[in-house]
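Enquirer: When the letters of the sequence shown are read in order and numbered with mature numbering (1 follows the signal peptide of the UniProt record, and there is no 0), they come out as residues -16 to -1, 1 to 69.
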Amino acid sequence: MSFRSALVLGACLLLAACNKVNQENFSRLKAGMSKAEVEQLLGAPTECAGALGFSSCSWGNEQAAFISIQFADDQVLLFSGKGLK
């Protein structure tokens, strides 16, 4: 294997390892977790919207893998995921 091929392979593996939207992290989510705990696990959300103490945030994108979490008073109420590996 050439040096260039090894470098490209290493970079791909590193990028894959950095993706926090995965089945392992999804399985760590629990109802009642604080929004801060979720952000520590998954990083900053891709988008959030809400009103009156309720919010819905998502991580990732719907074309690949994503996690969607609904919060009530900044605590996990419901969560779902799709395309997780």
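Note that the Cβ used here is the ideal one computed from N, Cα and C, for glycine as well.
1. Taking just the CA atoms, how far does S(-15) sit from F38?
2. Taking buried to mean at least 16 other C-beta atoms within 10 Å of its own C-beta, is G44 buried or exposed?
3. List the residues that DSSP assigns as beta-bridge partners of V60.
4. Verify whether the separation of the beta carbon atoms of N6 and K69 is less than 8 Å.
5. List the endpoints of the continuous beta strand (DSSP E) containing E31.
Expert: A quick look at the data gives this:
1. 53 Å
2. buried
3. F55
4. yes
5. 31 to 35
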